[in-house]
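**Student:**
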Amino acid sequence: MKKRLPKILLNFVCTLTYIFLLAPIIVILSSSLTKTEYIVFPPEGLTLRWYTELINHPEFMESLMLSVTVALGTALISMVIGTLASLAVVRHEFAAKALIVQLIGSPLLIPSVVFAVALLQFYSWIGMATSPFALIIGHVIISVPFVMRLVVASLVGFNQSIEQAAMNLGASNSRVFFQITLPVIKSGVIGGAIFAFITSFDDLTIALFIISTDVVTLPVRIFTYMQYQYDPIITSVSSVIIIITIVLMIFIERILGVGKMFASSGK
Amino acid sequence: MSSYLKLENIRKSFNKTEVVKDLSLEIKEGEIMSFLGPSGCGKSTTLNMIAGFLEVDRGKIEVAGESVHLLPPHKREMGMVFQNYALFPHMTVFDNVAYGLKIRKVKKQEIRKRVLEGLEMVRLAGYENRYPKELSGGQQQRVSLARALVIKPKLLLLDEPLSNLDAKLRQEMREEIVDIQKKVGITTIFVTHDQEEALAISDRIAVMYDGRIEQVDIPSAIYNNPKTDFVSEFIGEVNQVKGKVLEVYKDNKSKILFFGKELIIPSDSSQDTMLNFFIRPEKVQIVNFRNTEEDTGIEMKVDKKMFLGARTRYFLKVNGEQLIADISNTVLNPSQIQEESTVIVHLNPDDLLLRKGR
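Right under this line is the structure:
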């Protein structure tokens with residue numbers, strides 16, 4: 004009886020964690036099906052009305068497209084910068100290295116609202132107009148530290164003699180990088196890109212500051228919409244995002260097996 | 009045969025610490041040469057300079073008459089096998105072995121033929137589609153050997169290739185490496201800190217210490233005629249014993265007092281100096297009784313004995329000095345010698361290695 008107690012406790016904690024994590028998703032998904040004009044849980048009646056209603060709100064779809072574009076741009080740029088920076092940090096010694104590493108990681112420590120104000124100040128100082136590109140730059144700055152965390156982790160366990168082996172067999176430096184180094188740290192790089200995508204897609208604070216009438220990302224759209232209306236269209240938009248995310252995750256898992264790689268950090 | 013690989017006065021420093029100090033060496037074609045020495049002696053650094061992973065600070069490296077020390081590693085045409093195998097984890101065994109050939113733009117059919125031949129040679133036919141992590145350490149090292157050899161390199165460089173394997177496998181692998189090396193006839197450098205390994209596989213051994221080569225010679229000469237104190241102590245085991253010069257003769261011979269006995273040895277030291285000698289434990293002979301009255305053996309007490317399988321190690325004592333003797337159990341049954349008993353020890357003057365102080 005005594006030996007079973009830890010197991011019961013473990014199951015209890017696990018169940019609680021799952022409920023805690025899944026409850027919001029379930030609440031959103033189910034309340035998007037309500038027949039009422041307001042958001043309610045549990046839903047009263049079942050209808051897909053709030054999904055068809057989305058067609059009458061093209062601004063949500065536009066914002067979704069913008070968010071995805073900004074997130075993809077962020078993911079791509081952060082992936083390249085983050086990977087190169089990680090290689091430099093792990094493999095080379097240079098002046099003020101510790102300082103530079105801290106500087107790159109600083110967005111993780113600074114409250115995002117402070118960072119957003121600073122960015123806005125900076126943009127108006129250099130006379131840069133608000134644009135999707137301006138937003139991407141902001142998102143890149145906050146997501147590079149995430150990319151670096153993951154890529155550095157996969158580089159630390161990296162056995163550099165396989166690069167020497169490739170050179171020894173006649174591979175030039177660029178060949179070594181693309182055929183040996185990159186494939187081996189791929190899990191960290193892709194994981195970092197996914198983190199960057201999510202960081203960007205999820206961001207409200209910075210987008211709120213960089214906002215103009217033609218640069219409204221989905222989180223900002225939902226946020227501003229909710230200030231004036233509180234109808235279940237919010238939940239149907241959110242449900243669409245959840246579904247897209249789940250499909251994306253399944254796709255990535257099937258194609259790349261990233262989940263497996265995360266667990267073993269690419270070794 | 010003339011020299012195939014030539015190292016001329018090469019030097020290397022890291023952060024002002026000189027790791028390789030003015031090292032010169034010539035290796036003949038088809039020869040297997042070991043770099044043997046303790047860690048930090050510069051043997052791996054030297055190998056890495058030959059492979060091109062490190063630049064020489066000074067000096068020249070020539071292979072087959074062409075100097076290569078300014079070429080980047082991927083243009084040196086050398087096959088290297090690493091201590092940790094260094095297989096590409098994301099490629100199958102086939103792709104690993106084929107990698108060097110693909111870079112050389114060899115035709116597909118030819119690649120297939122040579123890879124399969126290579127795997128056959130290291131007894132891994134049928135493993136083409138496995139991934140490195142599905143193989144044992146020994147198998148991975150054989151793949152690595154095949155990968156290095158299929159490109160028909162000018163030199164085969166082995167960087168402690170057996171250190172990560174367990175004892176039994178290590179012996180098997182070293183025989184296999186020698187077999188393959190002789191079959192292919194490739195000039196090979198074998199870096200190791202394991203003297204037994206070096207003695208077993210090398211045509212010649214370069215014993216290295218503190219960035220310099222102490223002695224280059226065939227294994228038996230390294231063992232029996234060490235040129236420096238370091239080589240004496242590093243290769244095999246030695247007893248350190250003292251002897252006092254009693255009398256100096258004209259023909260470079262001296263009479264010395266040694267464990268209370270007089271011995272005539274070749275030496276040019278002056279009278280009354282203390283000489284230090286090395287003697288290997290297996291060169292010490294003991295018997296448990298005097299054969300004749302004229303027997304000149306030294307009486308010593310057996311302090312302790314230790315059974316080591318094929319042989320027994322006896323710790324002998326006389327006048328507070330210790331001497332270790334390793335005797336084969338087929339020559340002397342250890343049950344005949346009791347601890348605390350007295351035995352007769354014979355030393356052949358030829359087996360005494362005079363300590364040179366360098």
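Chains as they are written, first to last, in this note's numbering: chain A, 4 to 270; chain B, 9 to 366. For every residue, glycine included, the Cβ atom is placed at its ideal position computed from N, Cα and C.
Within 10 Å of its beta-carbon, does Q344 of chain B have 16 or more other beta-carbons around it, so buried, or fewer, so exposed?
**Tutor:** exposed
**Student:** List the residues of chain A whose Cβ lies closer than 8 angstroms to the Cβ of P81 of chain B, in chain order.
**Tutor:** Residues of chain A passing the Cβ test: Q167, M170, N171.
**Student:** Taking C-alpha atoms, which residue in A:G173, A:F254, A:L69, A:H142 lies nearest to D206 of chain A?
**Tutor:** The candidate whose alpha carbon is nearest that of D206 of chain A is A:H142.
**Student:** With a CB to CB cut of under 6 angstroms and the five nearest residues on each side skipped, what residues in its chain are close to I226 of chain B?
**Tutor:** R212
**Student:** For P186 of chain A, return the contacting residues in chain B, with the cut-off set at a CB-CB distance below 7 angstroms.
**Tutor:** H98
**Student:** My output table needs one value for A333 of chain B: the three-state DSSP class, helix, strand or coil.
**Tutor:** strand
**Student:** If you count every other CB in all the chains shown that lies within 10 Å of the CB of G244 of chain B, and 16 or more means buried, which is it?
**Tutor:** buried
**Student:** Give, in chain order, every residue of the region 220–245 of chain A whose Cβ lies closer than 9 angstroms to some Cβ of chain B.
**Tutor:** none
**Student:** So with Cβ pairs under 8 angstroms, would you call V353 of chain B a contact of chain A?
**Tutor:** no
**Student:** Does P148 of chain A come out as helix, strand or coil in the three-state DSSP assignment?
**Tutor:** Helix at P148 of chain A.
**Student:** Decide if the region 236–246 of chain A is in contact with the region 145–154 of chain A; the criterion is three or more beta carbon pairs, one per stretch, under 8 angstroms apart.
**Tutor:** Segments in contact, no.
**Student:** What three-state label does DSSP hand S21 of chain B in the structure shown?
**Tutor:** strand
**Student:** Going by the CB atoms, is the gap between P81 of chain B and V187 of chain A shorter than 8 angstroms?
**Tutor:** no
**Student:** Can you list the residues of chain A that R131 of chain B reaches, using a CB-CB cut of under 8 angstroms?
**Tutor:** Chain A residues near R131 of chain B: none, gap ~21 angstroms exceeds 8 angstroms.
**Student:** In this structure, does DSSP put E62 of chain A in helix, strand or coil?
**Tutor:** The DSSP-derived three-state label of E62 of chain A is helix.
**Student:** Assuming G173 of chain A and R112 of chain B are in contact, meaning their beta carbons sit under 8 angstroms apart, how far apart are those beta carbons, in whole angstroms?
**Tutor:** 6 angstroms
**Student:** Evaluate the contact criterion for the region 115–129 of chain B versus the region 146–166 of chain B: three or more CB pairs, one atom per stretch, below 8 angstroms.
**Tutor:** Yes, they touch.
**Student:** Residue range of the alpha helix (DSSP H) that P227 of chain B falls in?
**Tutor:** 227–232
**Student:** Straight-line CA distance for R178 of chain B to Q182 of chain A?
**Tutor:** Approximately 32 angstroms between the Cα atoms of the pair.
**Student:** Can you give the Cα-Cα distance for M131 of chain A and I213 of chain A, rounded to whole angstroms?
**Tutor:** M131 of chain A and I213 of chain A have their C-alpha atoms some 11 angstroms from each other.
**Student:** Determine the extent of the beta strand (DSSP E) in which Y373 of chain B is found, giving its start and end residues.
**Tutor:** Chain B is shown from 9 up to 366; residue 373 of chain B falls before or after that span and cannot be answered.
**Student:** Below 8 angstroms, how does it come out for the region 350–363 of chain B and the region 267–274 of chain B: are there three or more Cβ pairs, yes or no?
**Tutor:** Touching, per the Cβ criterion.
**Student:** Need the endpoints of the beta strand (DSSP E) that G108 of chain B sits in, please.
**Tutor:** First-last for G108 of chain B: 101–111, but that is the alpha helix (DSSP H), not the beta strand (DSSP E).
**Student:** Can you give the Cα-Cα distance for L57 of chain A and Y93 of chain B, rounded to whole angstroms?
**Tutor:** Those two C-alpha atoms are separated by around 59 angstroms.
**Student:** Residues in the same chain with beta-carbon distance under 7 angstroms from S277 of chain B, minus the five sequence neighbours each way, listed in chain order, please.
**Tutor:** V253, S262, L283
**Student:** Suppose you measure from the CA of V179 of chain A to the CA of A210 of chain A; what does that come to, to the nearest Å?
**Tutor:** 39 angstroms
**Student:** The alpha helix (DSSP H) spanning D237 of chain B covers which residue range?
**Tutor:** 237–242
**Student:** Give a yes or no on whether 8 angstroms exceeds the smallest Cβ distance from A174 of chain A to chain B.
**Tutor:** yes
**Student:** Is the shortest distance between the beta-carbon of S267 of chain A and the beta-carbons of chain B less than 8 angstroms?
**Tutor:** Note that S267 of chain A has pLDDT 43, beneath the 50 cutoff, so the model's placement of it is unreliable and the number below is only indicative. Judged by the 8 angstroms Cβ criterion, S267 of chain A is not in contact with chain B.
**Student:** Using 8 angstroms as the Cβ pair cut-off and three pairs as the minimum, do the region 225–242 of chain B and the region 50–63 of chain B touch?
**Tutor:** no
**Student:** Would you tell me roughly how many angstroms separate the C-alpha atoms of I225 of chain A and V192 of chain A, rounded to the nearest one?
**Tutor:** 31 angstroms
**Student:** Would you say E329 of chain B and V246 of chain B are within 8 angstroms of each other, going by their C-beta atoms?
**Tutor:** no
**Student:** Mind checking if N92 of chain B is an interface residue toward chain A, Cβ cutoff 8 angstroms exclusive?
**Tutor:** So yes, N92 of chain B belongs to the interface.
**Student:** Hey, how far is the Cα of E40 of chain A from the Cα of L32 of chain A?
**Tutor:** 16 angstroms
**Student:** Rounded to the nearest angstrom, what separates S81 of chain A and P9 of chain A at their Cα positions?
**Tutor:** 43 angstroms
**Student:** For Q223 of chain B, write down the residues that DSSP places opposite it in a beta bridge.
**Tutor:** B:V215
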